[in-house]
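All residue numbers for the sequence shown refer to this note's numbering, where the first residue is 6 and numbers rise by one.
Cβ atoms here follow ideal geometry from the backbone N, Cα and C, with glycine treated the same way.
In what follows, a structure is listed as structure tokens, so that the remarks can point back to it.
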Amino acid sequence: MTKQYDPEDPAEMDAWIRDFYKIKDEATDAYLVRTGVSADTPQGFVKRMNMALAWLWPQLTPRTRPLYDEIRTIVEEYHQKTSPIRPYEEGKPLSRAQEPTEVDAAKCEKAMFLFEQAKQLHRVEATLAAQAAFKQAQSERASKPRKLEENECKRIAKVYWESKANGTGYGIAKMLAAEFKVSTTTIHTTAKKYKPLN
């Protein structure tokens, strides 16, 4: 995933839009209005959603790829139906653009909702990746259990119970699991087995 402009930061998104459309000697808003991107028309919606797809593309992940594909399909079908310029096919009359129906409007709403979902997933992607890596490491540790020495067990229990007693126990099992290369389950089991008799 590449670093992207933050869509919630107006200055960053203005820079991205200027780069995307290669705007040089014109205000961004003026360009968008002039080219119909800001217009509340079917063509304006298609242009805005194509911009959204272009923003998503460089940072796609396995989680956001299906959302991207579904948005693209909705936008392509909508554009095909509402575009005033129809591709010429020999022997077939040029068909006129159709007015969007309530079903089309609902699909457009869905496309915008999916884009918001994809943005949220991109925000938490680093956290999700870290969680997946931690889970994988835990699975690998669990599949190859490591036998702890007696002195290691006593040290784990001592650190664990002292942390719990002085209020710094949050995350101690994960820290000890990483240090001793065992699972957090092993840490909890060991700590219970060697719990001080107070």
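Continuous alpha helix (DSSP H) stretch holding residue i: start and end
i	result
residue 106	No alpha helix (DSSP H) holds residue 106; DSSP gives it neither H nor E.
residue 168	155-170
residue 28	Premise fails: residue 28 is in no alpha helix (DSSP H) and is neither H nor E.
residue 75	70-87
residue 63	First-last for residue 63: undefined, no H or E at that position.
residue 181	177-185
residue 196	189-198
Spatially closest choice to residue i from the options, by CA coordinates
i	options	result
residue 192	174, 201, 178, 183	178
residue 103	84, 67, 57	84
residue 48	87, 58, 69	87
residue 160	198, 149, 105, 145	198
residue 110	46, 35, 194, 22	46
residue 121	30, 51, 186, 60	60
residue 13	36, 57, 200, 30	57
residue 165	181, 11, 50	181
residue 26	153, 144, 55, 50	55
residue 62	106, 123, 17	123
Environment of residue i [buried if 16+ CB atoms lie within 10 Å]
i	result
residue 175	exposed
residue 6	Legend: pLDDT at residue 6 = 39, less than 50; position of this residue unreliable, no value from coordinates given.
residue 24	exposed
residue 196	buried
residue 162	buried
residue 50	buried
residue 108	exposed
residue 186	exposed
residue 35	exposed
Would you call the stretch 68-78 in contact with the stretch 119-138, where contact means no fewer than 3 C-beta pairs closer than 8 Å?
Yes, the stretch 68-78 touches the stretch 119-138.
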